Structures are given as structure tokens and as C-alpha cells.
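This report concerns only the one structure given below.
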Amino acid sequence: MLLAELADTSRAVAATAARSTKIALLADLLTRLEPDEVVPAVALLAGAARQGRIGVGWATVRDVDVVPATAPVLTVGDLDAALEELTVLTGQGSAGARRARLSALLAAATETEAELIRRLLLGELRQGALAGVMADAIARAASLPAAAVRRAAMLTGDLAAVAAVAFAEGEAGLGAIGLRVLRPVLPMLASTAADVGEAIEGCGMSSVEWKLDGARVQVHRADAEVRIFTRNLNDITDRLPGVAAIVRSMPANSLILDAEVIGVRLDERPELFQSTMSRFSRQAAESPVDGQPDVEQPVVEEPVVEPVVDTELRAWFFDCLHLDGRDLIDETLVERLAALERVVGRWRIPGTVTDDPVVGAAVLDEALAAGHEGVMVKAVGSRYEAGRRGKSWRKVKPVRTFDLVVLAAEWGHGRRRGWLSNLHLGARDPRGEGFVMVGKTFKGLTDALLTWQTERLRELAVEERGITVFVRPELVVEIALDGVQVSPRYAGGVALRFARVRRYRPDKEPSEADTIDDVRALLPAPGEAAGTSGPDPV
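All the letters of the sequence shown, read from the start, carry residue numbers 1 to 538 under my numbering.
Spelled out as C-alpha cells, the structure:
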């Protein structure tokens, strides 16, 4: 297939807000792909290359200025091969080699194709083809039930690979995809509740568990082999030998467990999130010294744990997806917790099962007194929805926070001169249209964090207008706030009130950020005074 066809479809998908139209456009293109084009094309249409990080940044893309081709000649396979070449170019002289290879690629591309390639490399290829839309498009193109495609994607975390199976093997092939020990699945996510009472009202009979402020991991065991994965499915087993040893000691032959890794002080109280995450370092990058207690030492890629401090890191387990040959992902939470009890012993996260808000509030008080950040409230009859943020899991924290994405930052003045300071914050559009700006803030930023933030945001910069630097939407930041209010200033119609930076979240992807619907849900009811008057926040 000519790349021009894929580029035209990408543009058409981005131009429509109708989910059904997006699915129809994508399905039509998918039916015209050759078998060896399915994986790269699905990955591209979902907004990323199948190779992952390519190693070509904004500066390289900016510096390549070539005359575009007048007629389309590039194929999907040509682009995939070029991206593969760019990925493996490393070492001395690699920057020049990448620039030369990119120049040749863009010179062979039409203007429309070149735009797609540039946006892909800069992480800006957001045309609304999110996982749910793409899964439904694959199902339509392959004449398969959408539920079968979605389930396979949930269990593999690889929609492009699922597409290849769907077209080659049909429903039988998808049905053969199941939980596999030592292959990670996407974690189930939680929505937010204002308090324990609201959470229990929504969930009914619930497991109310301490919410630890650490790093989410998924642990697999097959006999003596243990593998540990991050929430983004990266393998960090060799960085957590102590946790692996604990899992090997459990009375089971095969396991898949959900856990939280957290730093613990000598007095058995949890370390602050920034102290735990300072054990997770990015290769070739330094984190600044500790800032204020509520601001994390920032790191900017998938965290890895330094083995030298593993003795101070502890894993607490809260779910069991597989035990000794039996998959539990389709069982209720109460059944999964029973399996968990049999194997993890004292390493289980504390909690209780109740439908009484008073009892749930007491668990919250215990968690806070022990130094943790809140509780999780989970419906005992719920199934594990891998990769989904459902209403059957609710998180309750005393401080209202949202995980938002940095869209831009403004150069500071006065004592902040020379630093990128005022952050433009975006909530995710659940309909796949990128991010919706909901406010700005420079509060909560220490000098150390400002220094790191400026350096990192300059690496992500795509455009500068006046004092504002616009960046690729890759950094997730946790924002504390006092509420929200209706605002005509922003397209989403809502603005944050008294927002301040709590910490960066290197363990989260932009696709995991809170949505504009989550933010709007915090608006006061009609007639309530709080947050409805006064000047618009910025």
C-alpha cells in the first residue's frame, strides 16, 4: 500500500469527531493492506511506530529541510524499513547518519506524507484512533466480534499483533490468546471518588484497601522463574531481586500478581513518593536533589530500580490473576482475593470487605495514620478489566488531585527568569481528540524542579511563540487543586481552581491521564456557591 493512502486516512480520521466514521475509515483501509503491512500500519494509525522510540528528536526533524516529492512512491513497508534503520543507528556519528537517512526519507515523501512522518517522530500523530476505536475497526475489517478483538488486545497489550492474528487466523486465533504466565497484561485502573461514602455507594459491597504511594508492578512466576513488569509492561526483574526472592518463597508453582513497590524506612513507615521514585533512574539523566515534601524528584522515562537499594524497597500485593494453572481474570474480586490470601501471607495490602461507609472511613483513617495516601474501594463482584479505568475500582485521597499532561510552558520572569515555569495543563479527551487545556500553574515548583523541568521541556519543544514554548504531550504531572469552576476561557468549559504541582508521574503514560469528563465531574451542582464565582483562574 502506498503511504499516501495511509496519510489520507489519518487526515480524514482526525477531521471527524464521529466515532462511527472513524471506525469506517480505518476499517476500509485495513481491508486493503497486505499481510506484512498490518502490524506497521495499525501501529502508525494508533499514533506510534511498531519500533517504539526511534531516537530522532525535534532538533533533527527541524533541521531537515528538503523539497517534497511531487508524486507518491513510498509504501507502508518503505516507511517501516526506514524507521527500523533509524532505530538501530547508535554510537559515534549516529546523529549525522540519522539526519542523512531522515533527509532521504522525507525527500521521497510528498508534503502530506512528510507531515505524517514528522508528526509520528515528534509524538504528535493523534488522529483519534485510540485503542477502542482501532479495535472496533479491526473487528469490522476482519468481520469478527469486537469483543473478541478487545479481549485479545487486553490480554496482550499489543493491538498491532492482535490485528495480525485477527486477519490471519480469525476468531479461533483470537480465542486462543489467553493469559500467559511471564507475558504481562495491561493493569486495571481506578476512577476517582470524592470520599469513601461516594465510592461505596457506587461499588456496593467492597474491598476497602490501603492505597500506597509507590510504583505499580505486575509479578509473574513460572516454577523458579520470576519476572517483574512495570505498569507500562517493561521488564525490571533484574532490578528487584529482593521482591523476586519473596515471590519464589510463596507456596505456588505459577502466579500472576498485582503489587505496589514502596520504600520503607527503618521505623517501618513508608517513604515519600519522591524518595521511592528517586531509586528509579533514567539512563544518562540526573535527578535534582530532593525538593519540598510534596514534589517528586523528577525522572523522565520508564523507571528502573537500582539494585543496591532493593533491601529498602518492599512489595505489597493486592490482586491475583493466575494461580497454579488457573486463570482468575474472569473471576470476581472476592474469588481473586481468596486466591491471593492463600499465597502472599503477610505481604498482602491491608484492608477489609464492607458496605458500611463508617467502616470504610475507619480503614481510610488507618491508612493515613500509617503514612499512606488514601484507600482503594473495589466492588467485590467485579472482574479484572485489564487496561481499563472502570467504575468498579475507586481511589479516595484526602487531597483532590488530577493526573494531567503538560502541553506548554511559559518563560518566567523575576526570580524565575531563565526557567520554563508556568505550565499549561491538559486533560485527556476520551473521544480521542488529544488533550483539552484546563488551566495553568507555576505553584509547587522548587528551584531544583524548575531546573530539571526547563531542560526536559526544551527537549520536548515543538514550537515557540513569544514567551510560550509548546511541547509534545508526553509528561504526566499530578496536580493538586481546591476544585474546578465553569470557565469560557478554555475549550472544555472548565478551569482548575488554585492548582499546584504535586509531582511528576514518570510511571504513567499520557493515555492514563485523567479525562476532561473527570474534571467536569468535579463542577459544583447548580446553585452551589463553591467555585462558581470570582475571577477565572489561569
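Glycine included, each C-beta is placed from N, C-alpha and C at the ideal position.
Note that this is a predicted model, so its numbers are computed, not measured.
In the structure shown, E478 falls within a strand segment according to DSSP collapsed to helix, strand and coil. Under the three-state reduction of DSSP, P241 is assigned to helix. Pairing I516 with G483 gives a Cβ-Cβ distance that is not under 9 Å. Beta-carbon to beta-carbon, H322 and L368 are separated by about 33 Å, too far to satisfy the 8 Å threshold.
Here Q453 is buried. Its C-beta has 16 or more other C-beta atoms within 10 Å. For W393, there is no enclosing alpha helix (DSSP H); the residue is found in the beta strand (DSSP E) stretching over R389 to V396. For D36, the number of other beta carbons within 10 angstroms of its own is below 16, and it is reported as exposed. When DSSP states are grouped into helix, strand and coil, G175 belongs to the helix group.
For I256, the pairing in a beta bridge is given by DSSP as H220 and H322. Among the bridge pairs identified by DSSP, Y504 is matched with V477. With a cutoff of 9 Å on beta-carbon distance, G55 and S94 are scored as near each other. Below 8 Å, enough C-beta pairs join the segment 176-187 and the segment 144-160 to call them touching: three or more.
Residues W58, V61, V462 and R472 of the same chain have their beta carbon placed closer than 7 Å to that of L122, with the five preceding and five following residues left out of the count. At the C-beta level, A499 and I479 come within 9 Å of one another. DSSP, read as helix, strand or coil, puts K440 in strand. According to DSSP, G418 shares a beta bridge with no other residue.
Within the DSSP bridge table, the entry for M376 names E209 and K395 as partners. A buried status is given to A166, since no fewer than 16 other beta-carbon atoms sit within 10 Å of its beta-carbon.
In the DSSP assignment, S94 falls within the alpha helix (DSSP H) that extends over S94 to A107. Here I54 carries a coil assignment [DSSP, helix/strand/coil]. Residues of the same chain with a CB within less than 7 Å of the CB of P430, apart from the 5 flanking positions on each side, are T515 and D517 in chain order. In this structure, DSSP gives I200 a helical state, which the three-state scheme calls helix.
Assignment of beta-bridge partners to E169 by DSSP yields no partner. Taking E509 as reference, the option from V501, T451, S487 and D403 with the minimal CA-CA separation is D403. If you draw a straight line from the Cα of N422 to the Cα of V353, it comes to about 44 Å. Around the beta carbon of A339, 16 or more other beta carbons sit within 10 angstroms, so the residue counts as buried.
Under DSSP, R348 takes part in a beta bridge, and its partners are F317. Rounded to whole angstroms, G52 and K440 show a C-alpha spacing of 31 Å. Secondary structure at V484: strand, using DSSP grouped into helix, strand and coil.
In this structure, the beta-carbon distance from G204 to V380 falls below 9 Å.
Per DSSP, reduced to three states, the secondary structure at G77 is helical. Across the structure, R101 and L120 are spaced so that their CA atoms are roughly 16 Å apart. Sequence-distant Cβ neighbours of A199 in its own chain, meaning closer than 6 Å and more than five residues away, are A193, V377, R394 and V396.
F435 and E115 have their C-alpha atoms spaced approximately 20 Å apart. By the neighbour-count definition (other C-beta atoms within 10 Å, threshold 16), V162 is a buried residue.
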